[in-house]
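In our numbering, the protein residues as written are 3 to 97. Remarks on the structure that follows.
Here it is as structure tokens:
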């Protein structure tokens with residue numbers, strides 16, 4: 003006989019699924035921030051080593067911003083393409 007699920011189980015299951023899907027995108031944000039911070043400190047180190055303050059900080063910060071943003075957009079687009087493929091496959095299997 004069919005057994006009904008408790009409302010709490012549905013709520014917890016959907017919450018877990020939402021966090022699982024969201025975690026990938028949160029990881030992209032962390033990756034963007036880490037890229038920018040690493041490039042900033044690399045520029046700071048070079049400026050201190052070569053005594054060229056603030057040249058490399060500015061250059062590396064801008065480069066880190068562009069590189070991080072590029073990687074973020076590329077990864078988000080790839081994830082969306084994968085998601086669409088999975089959705090289309092489910093629709094084909096269901097029909």
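Here a beta-carbon is modelled for each residue, glycine too, at the ideal position from N, C-alpha and C. The model shown is predicted, which means the values in this text are computed figures rather than measured ones.
In summary, residue 62 is buried, with 16 or more beta-carbon neighbours lying within 10 Å of its beta-carbon over all protein chains present. By the criterion of a C-beta distance shorter than 8 Å, residue 27 is surrounded in its chain by 78 and 81, once the five residues flanking it on both sides are discounted. Annotated three-state conformation of residue 54 is coil, per DSSP.
The beta-carbon distance between residue 71 and residue 34, rounded to whole angstroms, is 7 Å. This is short enough to meet the 8 Å contact definition.
Rounded to whole angstroms, the gap between the alpha carbons of residue 51 and residue 13 is 56 Å.
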